[in-house]
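Heads up, the thing below is written out as C-alpha coordinates.
In UniProt numbering, the protein residues as written are 1 to 417.
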(Lines of atoms letter the chains of each structure in order from A and count residues from 1; the text may use other names and numbers.)
(Lines give C-alpha, C1' and ligand atoms only; values in the text may rest on other atoms or scores of the structure.)
Protein backbone atom coordinates (compact mmCIF):
# COMPACT_ATOMS: atom_id res chain seq x y z
CA UNK A 1 0.00 0.00 0.00
CA UNK A 2 2.84 2.39 0.87
CA UNK A 3 4.49 1.83 -2.49
CA UNK A 4 1.19 2.40 -4.29
CA UNK A 5 0.76 5.79 -2.63
CA UNK A 6 4.42 6.59 -3.37
CA UNK A 7 3.93 5.85 -7.10
CA UNK A 8 0.76 7.92 -7.08
CA UNK A 9 2.64 10.81 -5.46
CA UNK A 10 5.36 10.72 -8.11
CA UNK A 11 2.72 10.60 -10.88
CA UNK A 12 0.89 13.59 -9.41
CA UNK A 13 4.19 15.46 -9.09
CA UNK A 14 4.96 14.79 -12.75
CA UNK A 15 1.54 15.99 -13.91
CA UNK A 16 1.46 18.96 -11.55
CA UNK A 17 4.88 20.29 -12.45
CA UNK A 18 4.09 20.04 -16.18
CA UNK A 19 0.94 22.10 -15.72
CA UNK A 20 2.77 24.56 -13.45
CA UNK A 21 5.56 24.90 -16.04
CA UNK A 22 3.13 26.65 -18.38
CA UNK A 23 3.31 29.78 -16.21
CA UNK A 24 6.25 29.27 -13.84
CA UNK A 25 9.91 29.62 -14.87
CA UNK A 26 11.32 27.28 -12.24
CA UNK A 27 8.87 24.50 -13.09
CA UNK A 28 9.57 25.04 -16.79
CA UNK A 29 13.28 24.48 -16.14
CA UNK A 30 12.41 21.39 -14.07
CA UNK A 31 10.57 19.88 -17.05
CA UNK A 32 12.83 21.06 -19.86
CA UNK A 33 15.97 20.05 -17.98
CA UNK A 34 14.81 16.43 -18.01
CA UNK A 35 13.87 16.42 -21.69
CA UNK A 36 16.15 14.04 -23.65
CA UNK A 37 17.92 13.30 -20.36
CA UNK A 38 18.63 9.64 -21.08
CA UNK A 39 19.88 10.41 -24.58
CA UNK A 40 22.34 12.93 -23.14
CA UNK A 41 23.46 10.45 -20.48
CA UNK A 42 23.97 7.73 -23.11
CA UNK A 43 26.11 10.03 -25.23
CA UNK A 44 28.34 10.98 -22.31
CA UNK A 45 28.63 7.73 -20.39
CA UNK A 46 29.27 5.58 -23.44
CA UNK A 47 32.69 7.25 -23.45
CA UNK A 48 33.43 6.76 -19.73
CA UNK A 49 35.84 3.96 -18.88
CA UNK A 50 36.50 4.97 -15.26
CA UNK A 51 34.71 3.92 -12.09
CA UNK A 52 31.77 6.28 -11.56
CA UNK A 53 30.94 7.86 -8.20
CA UNK A 54 27.51 9.47 -8.02
CA UNK A 55 26.63 12.37 -5.70
CA UNK A 56 22.97 13.40 -5.53
CA UNK A 57 21.70 16.63 -3.96
CA UNK A 58 18.19 18.02 -3.86
CA UNK A 59 19.22 21.62 -4.37
CA UNK A 60 21.89 24.22 -3.66
CA UNK A 61 21.86 23.91 0.13
CA UNK A 62 22.41 20.16 -0.01
CA UNK A 63 25.14 20.69 -2.59
CA UNK A 64 27.04 22.83 -0.09
CA UNK A 65 26.88 19.89 2.32
CA UNK A 66 28.04 17.42 -0.29
CA UNK A 67 30.70 19.67 -1.74
CA UNK A 68 33.42 18.98 0.86
CA UNK A 69 33.07 15.24 0.18
CA UNK A 70 33.10 15.72 -3.59
CA UNK A 71 36.24 17.83 -3.52
CA UNK A 72 38.06 15.72 -0.96
CA UNK A 73 37.14 12.55 -2.87
CA UNK A 74 38.36 14.03 -6.16
CA UNK A 75 41.62 15.08 -4.57
CA UNK A 76 42.24 11.67 -3.01
CA UNK A 77 40.95 9.60 -5.94
CA UNK A 78 41.53 11.67 -9.11
CA UNK A 79 40.98 8.73 -11.47
CA UNK A 80 37.31 8.34 -10.55
CA UNK A 81 34.56 9.89 -12.67
CA UNK A 82 32.28 12.08 -10.56
CA UNK A 83 28.63 12.38 -11.52
CA UNK A 84 26.66 15.11 -9.74
CA UNK A 85 22.86 15.28 -9.98
CA UNK A 86 20.21 17.66 -8.70
CA UNK A 87 16.49 17.33 -8.20
CA UNK A 88 15.75 21.06 -8.28
CA UNK A 89 16.54 23.72 -10.90
CA UNK A 90 17.71 26.04 -8.10
CA UNK A 91 20.66 23.70 -7.60
CA UNK A 92 21.28 22.60 -11.17
CA UNK A 93 21.10 26.05 -12.78
CA UNK A 94 23.64 27.50 -10.36
CA UNK A 95 26.05 24.53 -10.36
CA UNK A 96 25.71 23.01 -13.85
CA UNK A 97 29.24 24.20 -14.68
CA UNK A 98 30.77 23.09 -11.37
CA UNK A 99 34.36 22.05 -12.07
CA UNK A 100 34.53 19.59 -9.18
CA UNK A 101 32.34 17.12 -11.07
CA UNK A 102 32.98 15.44 -14.41
CA UNK A 103 29.32 15.58 -15.36
CA UNK A 104 26.36 17.49 -13.89
CA UNK A 105 22.78 16.48 -14.60
CA UNK A 106 19.24 16.39 -13.31
CA UNK A 107 18.11 13.20 -11.63
CA UNK A 108 15.11 11.71 -13.44
CA UNK A 109 11.82 11.46 -11.60
CA UNK A 110 11.78 8.47 -9.29
CA UNK A 111 9.90 5.80 -11.21
CA UNK A 112 10.98 2.17 -11.48
CA UNK A 113 11.73 2.42 -15.21
CA UNK A 114 13.58 5.75 -14.91
CA UNK A 115 15.72 4.49 -12.04
CA UNK A 116 16.59 1.23 -13.80
CA UNK A 117 17.58 3.06 -16.98
CA UNK A 118 19.58 5.71 -15.12
CA UNK A 119 21.61 3.14 -13.16
CA UNK A 120 22.18 0.96 -16.24
CA UNK A 121 23.54 3.93 -18.20
CA UNK A 122 25.73 5.51 -15.51
CA UNK A 123 26.78 2.30 -13.69
CA UNK A 124 27.96 3.96 -10.47
CA UNK A 125 30.18 1.96 -8.14
CA UNK A 126 29.52 4.26 -5.16
CA UNK A 127 26.55 6.58 -4.60
CA UNK A 128 26.16 9.35 -2.03
CA UNK A 129 22.76 10.84 -1.25
CA UNK A 130 22.98 14.11 0.69
CA UNK A 131 20.86 14.92 3.76
CA UNK A 132 17.16 14.44 2.91
CA UNK A 133 17.32 12.42 -0.32
CA UNK A 134 15.48 9.09 -0.03
CA UNK A 135 14.25 8.04 -3.47
CA UNK A 136 12.83 4.52 -3.34
CA UNK A 137 13.26 3.33 -6.92
CA UNK A 138 16.73 4.78 -7.46
CA UNK A 139 17.93 3.30 -4.18
CA UNK A 140 16.36 -0.02 -5.08
CA UNK A 141 18.03 -0.01 -8.50
CA UNK A 142 21.38 0.75 -6.89
CA UNK A 143 20.90 -2.04 -4.35
CA UNK A 144 20.26 -4.46 -7.21
CA UNK A 145 23.44 -3.37 -8.97
CA UNK A 146 27.07 -3.59 -7.96
CA UNK A 147 27.04 -0.29 -6.06
CA UNK A 148 27.76 0.85 -2.50
CA UNK A 149 25.15 3.35 -1.32
CA UNK A 150 25.58 5.98 1.42
CA UNK A 151 23.51 8.72 3.00
CA UNK A 152 25.67 11.62 4.22
CA UNK A 153 24.93 14.51 6.60
CA UNK A 154 21.59 12.80 7.20
CA UNK A 155 19.12 14.39 9.57
CA UNK A 156 15.81 12.98 10.80
CA UNK A 157 13.02 14.12 13.10
CA UNK A 158 10.83 11.93 15.29
CA UNK A 159 7.63 13.14 13.60
CA UNK A 160 8.65 11.79 10.18
CA UNK A 161 6.96 8.77 8.63
CA UNK A 162 10.04 6.59 9.08
CA UNK A 163 9.28 6.47 12.81
CA UNK A 164 5.48 6.06 12.70
CA UNK A 165 3.56 2.78 12.98
CA UNK A 166 2.38 3.23 9.39
CA UNK A 167 5.87 3.99 8.05
CA UNK A 168 6.92 0.48 7.02
CA UNK A 169 7.42 1.40 3.37
CA UNK A 170 9.55 4.41 4.26
CA UNK A 171 11.65 2.38 6.70
CA UNK A 172 12.27 -0.09 3.90
CA UNK A 173 13.77 2.73 1.83
CA UNK A 174 16.39 3.38 4.50
CA UNK A 175 17.50 -0.25 4.44
CA UNK A 176 18.81 0.27 0.91
CA UNK A 177 21.73 2.26 2.34
CA UNK A 178 24.92 0.38 3.12
CA UNK A 179 25.72 3.05 5.69
CA UNK A 180 24.12 6.24 6.97
CA UNK A 181 26.29 9.10 8.26
CA UNK A 182 24.20 11.24 10.60
CA UNK A 183 24.69 14.67 12.11
CA UNK A 184 24.19 13.94 15.80
CA UNK A 185 23.45 11.44 18.58
CA UNK A 186 19.73 12.15 18.58
CA UNK A 187 19.43 11.07 14.94
CA UNK A 188 21.52 7.97 15.59
CA UNK A 189 19.14 6.98 18.41
CA UNK A 190 16.09 7.46 16.17
CA UNK A 191 17.53 5.14 13.53
CA UNK A 192 18.61 2.51 16.01
CA UNK A 193 15.08 2.60 17.37
CA UNK A 194 13.84 1.25 14.01
CA UNK A 195 16.57 -1.39 13.88
CA UNK A 196 19.03 0.49 11.68
CA UNK A 197 22.51 -0.05 13.08
CA UNK A 198 24.71 0.73 10.08
CA UNK A 199 24.95 4.30 11.36
CA UNK A 200 27.89 6.57 12.20
CA UNK A 201 27.79 10.00 13.80
CA UNK A 202 30.00 12.01 11.46
CA UNK A 203 28.58 15.47 12.04
CA UNK A 204 27.57 17.96 9.40
CA UNK A 205 29.92 18.35 6.42
CA UNK A 206 28.88 22.02 6.11
CA UNK A 207 31.21 22.79 8.99
CA UNK A 208 34.14 21.59 6.89
CA UNK A 209 32.97 23.69 3.97
CA UNK A 210 32.49 26.96 5.84
CA UNK A 211 35.70 26.47 7.80
CA UNK A 212 37.63 25.95 4.56
CA UNK A 213 36.10 29.14 3.14
CA UNK A 214 37.05 31.12 6.24
CA UNK A 215 40.64 29.90 6.07
CA UNK A 216 41.04 30.89 2.42
CA UNK A 217 39.08 34.12 2.28
CA UNK A 218 40.62 36.99 0.32
CA UNK A 219 40.43 40.59 1.41
CA UNK A 220 38.59 43.17 -0.71
CA UNK A 221 40.20 46.60 -0.63
CA UNK A 222 36.98 48.57 -0.79
CA UNK A 223 35.65 46.80 2.30
CA UNK A 224 39.05 46.90 3.99
CA UNK A 225 38.84 50.70 3.80
CA UNK A 226 35.15 50.85 4.77
CA UNK A 227 35.47 48.62 7.85
CA UNK A 228 38.91 49.57 9.15
CA UNK A 229 38.69 50.35 12.90
CA UNK A 230 34.89 50.38 12.68
CA UNK A 231 32.11 48.39 14.32
CA UNK A 232 30.24 46.66 11.50
CA UNK A 233 26.92 44.82 11.35
CA UNK A 234 26.77 42.23 8.57
CA UNK A 235 23.31 41.43 7.21
CA UNK A 236 23.36 38.02 5.55
CA UNK A 237 20.61 36.93 3.12
CA UNK A 238 18.17 39.52 4.45
CA UNK A 239 14.51 40.10 3.66
CA UNK A 240 12.13 43.01 4.36
CA UNK A 241 11.22 41.83 7.87
CA UNK A 242 14.90 41.45 8.77
CA UNK A 243 15.73 44.99 7.66
CA UNK A 244 12.82 46.32 9.72
CA UNK A 245 14.64 44.95 12.76
CA UNK A 246 18.12 46.01 11.70
CA UNK A 247 17.36 49.60 10.63
CA UNK A 248 16.33 50.86 14.11
CA UNK A 249 19.50 49.30 15.56
CA UNK A 250 21.62 51.30 13.11
CA UNK A 251 19.71 54.48 14.00
CA UNK A 252 20.24 53.75 17.71
CA UNK A 253 23.98 53.32 17.13
CA UNK A 254 24.97 55.92 14.51
CA UNK A 255 28.67 55.14 15.00
CA UNK A 256 28.11 51.64 13.54
CA UNK A 257 28.38 50.74 9.88
CA UNK A 258 26.69 47.90 8.01
CA UNK A 259 27.24 45.66 5.01
CA UNK A 260 23.95 44.12 3.93
CA UNK A 261 23.52 41.32 1.38
CA UNK A 262 19.83 40.82 0.50
CA UNK A 263 18.76 37.30 -0.41
CA UNK A 264 16.75 38.66 -3.32
CA UNK A 265 18.65 41.19 -5.44
CA UNK A 266 15.76 42.19 -7.68
CA UNK A 267 15.43 45.93 -8.27
CA UNK A 268 12.20 45.99 -6.27
CA UNK A 269 13.81 44.40 -3.22
CA UNK A 270 16.96 46.51 -3.42
CA UNK A 271 14.84 49.69 -3.44
CA UNK A 272 12.88 48.38 -0.47
CA UNK A 273 16.13 47.83 1.45
CA UNK A 274 17.26 51.36 0.59
CA UNK A 275 13.97 52.88 1.73
CA UNK A 276 14.01 51.06 5.05
CA UNK A 277 17.67 51.87 5.76
CA UNK A 278 17.46 55.52 4.80
CA UNK A 279 19.71 57.87 2.87
CA UNK A 280 23.11 56.79 4.16
CA UNK A 281 23.44 53.73 1.91
CA UNK A 282 25.16 52.91 -1.38
CA UNK A 283 24.84 49.93 -3.67
CA UNK A 284 28.07 48.02 -4.10
CA UNK A 285 28.06 48.00 -7.91
CA UNK A 286 27.38 51.76 -8.02
CA UNK A 287 30.49 52.64 -6.03
CA UNK A 288 33.05 54.09 -8.41
CA UNK A 289 36.26 53.27 -6.59
CA UNK A 290 35.67 55.53 -3.57
CA UNK A 291 32.92 55.20 -0.96
CA UNK A 292 31.14 58.43 -0.09
CA UNK A 293 32.14 59.92 3.25
CA UNK A 294 28.56 59.92 4.50
CA UNK A 295 27.90 56.27 3.58
CA UNK A 296 27.12 54.10 6.58
CA UNK A 297 25.62 51.11 4.79
CA UNK A 298 26.74 49.23 1.68
CA UNK A 299 24.03 47.12 0.05
CA UNK A 300 25.39 44.18 -1.92
CA UNK A 301 23.53 44.04 -5.23
CA UNK A 302 25.28 41.05 -6.79
CA UNK A 303 25.78 37.44 -5.75
CA UNK A 304 28.80 35.47 -4.56
CA UNK A 305 30.32 37.95 -2.11
CA UNK A 306 28.61 37.19 1.19
CA UNK A 307 30.96 34.48 2.47
CA UNK A 308 33.89 36.88 1.99
CA UNK A 309 32.15 39.76 3.74
CA UNK A 310 31.79 38.17 7.16
CA UNK A 311 35.49 38.83 7.79
CA UNK A 312 34.60 42.51 8.19
CA UNK A 313 31.86 42.06 10.77
CA UNK A 314 31.56 42.69 14.49
CA UNK A 315 28.13 41.07 14.73
CA UNK A 316 25.86 39.42 12.16
CA UNK A 317 22.13 39.40 11.50
CA UNK A 318 21.11 36.40 9.39
CA UNK A 319 17.88 36.67 7.44
CA UNK A 320 15.04 34.31 6.68
CA UNK A 321 13.76 33.33 10.12
CA UNK A 322 10.79 35.70 9.95
CA UNK A 323 9.81 33.99 6.71
CA UNK A 324 10.32 30.53 5.23
CA UNK A 325 13.39 29.65 7.26
CA UNK A 326 16.71 30.85 8.61
CA UNK A 327 19.61 31.09 6.18
CA UNK A 328 23.21 30.00 6.79
CA UNK A 329 24.54 30.95 10.24
CA UNK A 330 27.73 28.88 10.12
CA UNK A 331 29.64 31.20 7.81
CA UNK A 332 29.20 34.05 10.30
CA UNK A 333 30.16 31.80 13.22
CA UNK A 334 33.41 30.88 11.44
CA UNK A 335 34.41 34.53 11.55
CA UNK A 336 33.93 34.72 15.32
CA UNK A 337 30.76 36.77 15.41
CA UNK A 338 27.71 36.81 17.66
CA UNK A 339 24.66 36.10 15.51
CA UNK A 340 21.14 37.51 15.62
CA UNK A 341 18.07 36.38 13.69
CA UNK A 342 14.27 36.26 13.81
CA UNK A 343 12.52 34.26 16.52
CA UNK A 344 10.15 32.27 14.28
CA UNK A 345 11.50 29.72 11.78
CA UNK A 346 14.89 28.65 13.10
CA UNK A 347 14.30 25.61 15.34
CA UNK A 348 14.73 23.00 12.60
CA UNK A 349 18.31 24.20 12.14
CA UNK A 350 20.39 22.40 14.75
CA UNK A 351 23.30 24.82 14.50
CA UNK A 352 20.99 27.74 15.36
CA UNK A 353 19.65 25.90 18.41
CA UNK A 354 23.19 25.00 19.48
CA UNK A 355 24.49 28.55 19.06
CA UNK A 356 21.62 29.92 21.15
CA UNK A 357 22.40 27.42 23.91
CA UNK A 358 26.03 28.57 23.85
CA UNK A 359 24.96 32.25 24.00
CA UNK A 360 26.59 32.84 20.64
CA UNK A 361 23.25 33.52 18.91
CA UNK A 362 20.05 35.33 19.85
CA UNK A 363 16.56 35.00 18.33
CA UNK A 364 14.75 38.34 18.21
CA UNK A 365 11.07 39.24 18.31
CA UNK A 366 11.62 42.77 17.02
CA UNK A 367 14.02 45.73 16.87
CA UNK A 368 13.38 46.69 20.50
CA UNK A 369 14.57 43.28 21.64
CA UNK A 370 17.64 43.59 19.40
CA UNK A 371 18.64 46.83 21.09
CA UNK A 372 17.67 45.56 24.54
CA UNK A 373 19.78 42.39 24.30
CA UNK A 374 22.73 44.30 22.88
CA UNK A 375 22.58 46.73 25.82
CA UNK A 376 22.02 44.09 28.50
CA UNK A 377 24.64 43.07 31.03
CA UNK A 378 24.15 39.45 29.95
CA UNK A 379 25.43 40.13 26.45
CA UNK A 380 29.21 39.79 26.32
CA UNK A 381 30.52 40.48 22.82
CA UNK A 382 33.88 38.84 23.43
CA UNK A 383 32.46 35.68 25.02
CA UNK A 384 29.77 35.32 22.35
CA UNK A 385 32.38 35.73 19.62
CA UNK A 386 34.64 33.08 21.13
CA UNK A 387 31.72 30.68 21.65
CA UNK A 388 30.71 30.96 17.99
CA UNK A 389 34.19 30.12 16.74
CA UNK A 390 34.69 27.33 19.29
CA UNK A 391 31.42 25.73 18.16
CA UNK A 392 32.70 25.51 14.59
CA UNK A 393 36.12 24.25 15.67
CA UNK A 394 34.53 21.42 17.67
CA UNK A 395 32.36 20.27 14.77
CA UNK A 396 34.71 20.09 11.80
CA UNK A 397 35.93 16.71 10.58
CA UNK A 398 32.87 14.99 9.06
CA UNK A 399 34.51 14.77 5.64
CA UNK A 400 37.48 12.87 7.00
CA UNK A 401 35.28 10.44 8.94
CA UNK A 402 33.31 9.58 5.80
CA UNK A 403 36.36 9.21 3.56
CA UNK A 404 38.11 7.01 6.11
CA UNK A 405 35.04 4.76 6.25
CA UNK A 406 34.85 4.24 2.50
CA UNK A 407 38.61 3.78 1.98
CA UNK A 408 38.39 -0.06 2.24
CA UNK A 409 35.60 -0.02 -0.37
CA UNK A 410 37.81 1.94 -2.73
CA UNK A 411 40.59 -0.58 -2.17
CA UNK A 412 38.23 -3.41 -3.15
CA UNK A 413 37.12 -1.56 -6.28
CA UNK A 414 40.69 -0.91 -7.36
CA UNK A 415 41.64 -4.56 -6.85
CA UNK A 416 38.59 -5.63 -8.88
CA UNK A 417 39.44 -3.28 -11.72
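In this text, a Cβ means the ideal position worked out from N, Cα and C, and glycines have one as well.
Keep in mind the model is a prediction, meaning the values are calculated, not measured.
Practice task
Could you check the C-alpha separation between residue 274 and residue 29 for me, to the nearest Å?
Solution key: Taking the first residue of the chain shown as position 1, residue 274 is located at position 274. Taking the first residue of the chain shown as position 1, residue 29 is located at position 29. Whole-angstrom Cα-Cα distance: 32 Å.
Practice task
Please list the segments of the beta strand (DSSP E) lying wholly inside the segment 119 to 143, counting only runs of 3 or more residues, in order along the chain.
Solution key: 124 to 130
Problem - Nonlocal neighbours in the same chain, by C-beta distance under 6 Å from residue 227, ignoring five residues either side - result: Within the chain shown, numbered from 1, the residue matching residue 227 stands at position 227. Around residue 227: 312.
Practice task
May I ask which residues mark the beginning and end of the beta strand (DSSP E) holding residue 257?
Solution key: On the chain shown, residue 257 is found 257 positions in, with the first residue counted as 1. Run containing residue 257: 257 to 262, per the beta strand (DSSP E) assignment.
Exercise for the section: State yes or no: is the C-beta of residue 316 within less than 9 Å of the C-beta of residue 236? Expected result: Indexing the chain shown from 1 puts residue 316 at position 316. Indexing the chain shown from 1 puts residue 236 at position 236. Yes, the Cβ-Cβ distance between residue 316 and residue 236 is below 9 Å.
Exercise for the section: Go ahead and label residue 197 buried or exposed: buried means 16 or more other beta carbons lie within 10 angstroms of its beta carbon, across all protein chains shown. Expected result: The count along the chain shown starts at 1 and reaches residue 197 at position 197. Result: exposed.
Handout entry: Endpoints, the alpha helix (DSSP H) within which residue 63 is located
Key = What you label residue 63 is simply residue 63 of the chain shown in a count that begins at 1. Segment 60 to 76, the alpha helix (DSSP H) holding residue 63.
Handout entry: Contact under 9 Å by Cβ, residue 223 with residue 123
Key = Here residue 223 refers to the residue found at position 223 of the chain shown. Here residue 123 refers to the residue found at position 123 of the chain shown. Taking 9 Å as the Cβ cut-off, residue 223 and residue 123 do not qualify as a contacting pair.
Practice task
Please confirm if the segment 205 to 217 is in contact with the segment 387 to 401, defined as three or more CB-CB distances below 8 Å between the two stretches.
Solution key: yes
Exercise for the section: Please go through the same chain and pick out, in chain order, the residues whose beta-carbon is closer than 6 Å to the beta-carbon of residue 296, but skip the five residues on each side of it. Expected result: Taking the chain shown and counting its residues from 1, one reaches residue 296 at position 296. 257, 280.
Handout entry: Residues sharing a beta bridge with residue 57, DSSP
Key = In the chain shown, residue 57 corresponds to position 57, counting from 1. Answer is 86, bridged to residue 57.
Problem - Proximity winner among 220, 143, 132, relative to residue 120 (alpha-carbon distances) - result: For the purposes of this step, residue 120 is taken as the residue at position 120 of the chain shown. Nearest C-alpha to residue 120: 143.
Exercise for the section: Quick one: grab the DSSP three-state call for residue 20. Expected result: Position 20 of the chain shown, counted from the start, is the residue given in the question as residue 20. DSSP places residue 20 in helix when its eight states are reduced to three.
Exercise for the section: Kindly say whether residue 347, judged by its beta-carbon, lies nearer than 9 Å to any beta-carbon of chain D. Expected result: Going by chain labels, chain D is absent from the structure shown, which holds only one protein chain.
Exercise for the section: Could you pull the start and end residues of the beta strand (DSSP E) that residue 318 belongs to? Expected result: The residue you call residue 318 lines up with position 318 of the chain shown. Note, residue 318: beta strand (DSSP E), 315 to 318.
Exercise for the section: Please confirm whether residue 339 and residue 388 have their CB atoms less than 9 Å apart. Expected result: Counted from its first residue, the chain shown places residue 339 at position 339. Counted from its first residue, the chain shown places residue 388 at position 388. Result yes, Cβ atoms of residue 339 and residue 388 sit closer than 9 Å.
Problem - residue 108 classed as buried or exposed, judged by whether at least 16 other C-beta atoms fall within 10 angstroms - result: The count along the chain shown starts at 1 and reaches residue 108 at position 108. Buried, since its Cβ has 16 or more Cβ neighbours within 10 Å.
Problem - Beta-carbon gap between residue 350 and residue 155 smaller than 9 Å - result: On the chain shown, residue 350 is found 350 positions in, with the first residue counted as 1. On the chain shown, residue 155 is found 155 positions in, with the first residue counted as 1. It is a contact, given that the beta carbons lie within the stated cut-off.
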